[in-house]
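Read through the structure below, which is laid out as C-alpha cells, and then see the notes.
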C-alpha cells in the first residue's frame, strides 16, 4: 500500500468512459509525473485526486484513508493551477494564508508559516502586492507558496509551467526539482511536456486515451518503452522507428535493414530471445543518441555495430549535430557530437549501439520483451 | 510600402470643426430645454406662468412652489405634499434594490460555478421573466399579495419588485461571472472555503462594475414604476403615484409651478444615482464583452 493509492479508478461522463481502470501507487516522497497528449485524461485524474471531479469507479486513498467522498479541503492536499488561480482582490500574503485562515489556524501561526515559505521561495518582498502587479514567474512562485504554506500530504501540480516563457520555464523546473529534493514532499504533477516529465520525476505514468501506457522510472520509460506510443512520445527528437526483419547469423538474431542505396545491413541484437522472431518483420526502435560516429560511440557498450549510410540532411544545433538518413525507407536521425564532420550526400560510417535498440511487434505495437 | 502621412488621415478643417460643435451644442440645448422649462417655472409665482411666458426667467424668484410641493400641496384628499410619498418610495426602493441585487448575484454565482442538471433551463426561465409585461401579472399578483397579507403595504411592493427584478439581475451577474475563472473557485474550495465564503471573499470583491449596473437598473425601474405602485400601494403609495395625483387633480387651480417642482423632486434620486455611479454603468455593461 502506497502513500497515495489510485485503485482501479475509472471516470465516465454519461456513457463515455474517459479513464479506464487506472492503478497507481505513489510512495511517500515520490515525484510522480502524469504525462500524455492533450485529452489523455491526465488532468481529469489529477482533479479526481483533488476531489474537484467525482470518481465513477474504484477508489483513491491518501495515507490509507479512502477519500472518494471527502471534500477537497478535507483531503489535506494543495494544488497549483495552470493559471495560478491567485485571488485578484487579495495581496500575495493574504493569498498564501487564505487556506490556513479557512482552516481556523490562528494569526500568529499563519504569519510564521507565511514568513518561512516566503523566505524559502524568495518572495518576502512581494507579500503586500496584488497578483496583478507581479510578473509571470513571480505569480508562479506565489502559487507554489500558497500550496507550501498548507504543508499538505500531497501536492498536485496542473501544468504549472505552461504559461511561462521558455527560459523561465527551465529555471522554474530546476527550482521545483530543488524544492522537492529539499522538502521530500509527495508530488503528483501533470504535464504534456515530456522533457519536464523526464527531468522532474522519480516515476512517470505515460497516459494516452484514458489508459496508463507505462508506469516506471524515467530511465525505464526512456530505455525500454512499453509500446510504440511511449517510444515516440518520450524523447526529443523522437525514437527512430524503422521496419526490419529478424535473421539468424552465427546463432545470434540480427536485424536486417536496407540503407539509402539499397544495400542490406545486418545488425546483431543484444537480446537473444529475438531468435524466436526469425524470418518475421519487426519495428526496430533506436534512440538518436544510439547512432553516432565511431569515435563518439558509448565506450561501455558491449555491442557497437558499424554501419555505412548516405547522409540526407545535417542540422547543427549548437551542442549536437543532428544527421538525417534513410533507413529501410524511413527517415532516421542520428545525434552526433557538435564537431563531427558530416556533409549532406556523403557516405558516412556510423556506429549503432545495439544495446540500446528495442524491437516492437508491428501487429500489437508492444515491445518484444526479453 | 507607402509611408503613412497626414494627407491620408481624415482632415478636419476649422470650419468643419466649428460646424460640428455648433450642431452638438444645438442638440445639447434642445435636450436640456425641458429641464430648463421645469427649472425656471418651478421658481416663479403661478401668475407669471399663467401670464403666458413659459420660457422667460422668473421676474420674482421664489422657492414657495418647492416648499408647497414638498410639504403642503394637496395630494388626493390630504394636504401633505410629496414628503410622505418620497419616504415611501425610499423605504420601498432601498430594500428592493438591495435584495434583488444580492439574490441576482447569488443566482449568477450558482448558475455559473455550481452547475447542476437543468441549470440552463432554470436560467432560461428566469430570463423569460424579463419579457413578461407588468399588466399580465396584476391579478395573480394581487391574489398572492392578499393571501400573504401584504396587500397595500410597502413590504408587498418590495416583494413585487424583487420578484420582477430577479430576472434582470440574474442575467447581469450570470454573464459577468461566466467569464470569472472557475479555477479560482476550485482553488478556494481546496483552501477550505465553503459556498458562501467563496462568494463573499472571492467573487463579490470583484463584482463592483456589474453590481453598479444592477443597482442603477433596478433603482431607476423601481423608482419610476407607476403601475405596481398604484395597484398594490394601498395607503403607502410611492412618489410616482403621488406625483400623478398632484398633477392630475381635477379640482381647484392648476398650480403649474408646484407641479414642475414636484416632477423635479421625483426625478432627483435617479439623477443622483446616475451622476454618482454612471461612469461605472457603461464599464459594467461592457465587462466581459472584450477579452482583456
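Protein chains in written order, with my numbering: chain A, -1 to 368; chain B, 10 to 301.
For every residue, glycine included, the Cβ atom is placed at its ideal position computed from N, Cα and C.
- If only uninterrupted beta strand (DSSP E) runs of at least 3 residues are considered, those enclosed by the stretch 226 to 272 of chain A are 238 to 247, 250 to 256 and 262 to 266.
- Three or more pairs of CB atoms, one per stretch, sit closer than 8 angstroms, so the stretch 138 to 152 of chain A contacts the stretch 181 to 189 of chain A.
- If the five residues before and after residue 251(B) are omitted, its C-beta is found closer than 7 angstroms to the C-beta atoms of 84, 91 and 94, all from its own chain and listed in chain order.
- Under the three-state reduction of DSSP, residue 212(A) is assigned to strand.
- Relative to the Cα of residue 199(A), the nearest Cα in the group 326(A), 273(A) and 172(A) belongs to 172(A).
- Closer than 9 angstroms to the CB of residue 69(A) there is at least one CB belonging to chain B.
- With 16 or more neighbouring CB atoms inside 10 Å of its own CB, residue 38(A) falls in the buried class.
- Secondary structure note for residue 184(A): it is in no alpha helix (DSSP H), and the uninterrupted beta strand (DSSP E) holding it is 184 to 189.
- Residue 70(B) is classed as exposed because its beta carbon has fewer than 16 other beta carbons within 10 Å across all chains shown.
- Close CB contacts of residue 91(A) within its chain, under the 7 angstroms cut and outside five residues either way in sequence, are with 112, 125 and 126 (chain order).
- Non-local beta-carbon contacts of residue 287(B) in its own chain, meaning distances under 8 angstroms to residues more than five positions away in sequence, involve 225 in chain order.
- Relative to the Cα of residue 290(B), the nearest Cα in the group 119(B), 128(B), 223(B) and 262(B) belongs to 223(B).
- Look at residue 91(A) here: in three-state DSSP terms it is helix.
- Closer than 9 angstroms to the CB of residue 178(A) there is not a single CB belonging to chain B.
- The beta-bridge partner set that DSSP reports for residue 203(A) consists of 32(A) and 213(A).
- The closest CA to that of residue 72(B), considering only 194(B), 52(B) and 210(B), is found on 52(B).
- Its chain contains 116, 117, 120, 121 and 132 as the residues whose beta carbon lies nearer than 8 angstroms to that of residue 183(B), once the 5 sequence neighbours on both sides are disregarded; these appear in chain order.
- In this structure, the straight-line span from the alpha carbon of residue 68(A) to that of residue 363(A) is close to 40 angstroms.
- When beta bridges are read from the DSSP output, residue 365(A) appears opposite 358(A).
- Contact annotation: the stretch 349 to 360 of chain A touches the stretch 273 to 287 of chain A, with at least three C-beta pairs closer than 8 angstroms.
- 197, 198, 199, 200, 201, 202, 206, 210, 211, 214 and 215: these are the residues of the stretch 197 to 223 of chain B whose beta carbon lies less than 8 angstroms from some beta carbon of chain A, given in chain order.
- Under the DSSP assignment, residue 94(B) falls in the alpha helix (DSSP H) whose first and last residues are 92 to 122.
- Relative to the Cα of residue 3(A), the nearest Cα in the group 64(A), 119(A) and 35(A) belongs to 64(A).
- A straight line joining the alpha-carbon of residue 66(A) with that of residue 204(A) spans about 24 angstroms.
- Listed along chain A are 79, 81 and 83, each with a C-beta nearer than 7 angstroms to that of residue 192(B).
- Unbroken alpha helix (DSSP H) runs of no fewer than 4 residues, entirely contained in the stretch 167 to 240 of chain B, are found at 191 to 200, 204 to 207 and 217 to 233, following chain order.
- The bridge partners DSSP lists for residue 312(A) are 321(A).
- Taking 7 angstroms as the upper bound on Cβ-Cβ separation, chain B lies near residues 96, 97, 100 and 101 of the stretch 93 to 106 of chain A.
- The beta carbon of residue 287(A) is closer than 7 angstroms to those of 333 in its chain, skipping five residues each way along the sequence.
- Within the stretch 33 to 58 of chain A, the runs of alpha helix (DSSP H) that reach at least 4 residues and sit entirely inside it are, in chain order, 40 to 48.
- Boundaries of the beta strand (DSSP E) harbouring residue 283(A): 279 to 284, taken from the DSSP string.
- Distance from the CA of residue 254(A) to the CA of residue 15(A), rounded to the nearest whole angstrom, comes to 42 angstroms.
- Per the Cβ contact rule, the stretch 185 to 192 of chain B is not in contact with the stretch 167 to 175 of chain B (fewer than 3 Cβ pairs under 8 angstroms).
- Under the DSSP definition of a beta bridge, residue 17(A) partners with 9(A).
- With respect to the 9 angstroms criterion, residue 299(A) and residue 351(A) are classified as neighbours on the basis of their beta carbons.
- Cβ neighbours of residue 58(B) within its own chain (closer than 7 angstroms, five residues either side excluded): 50, 265 and 266.
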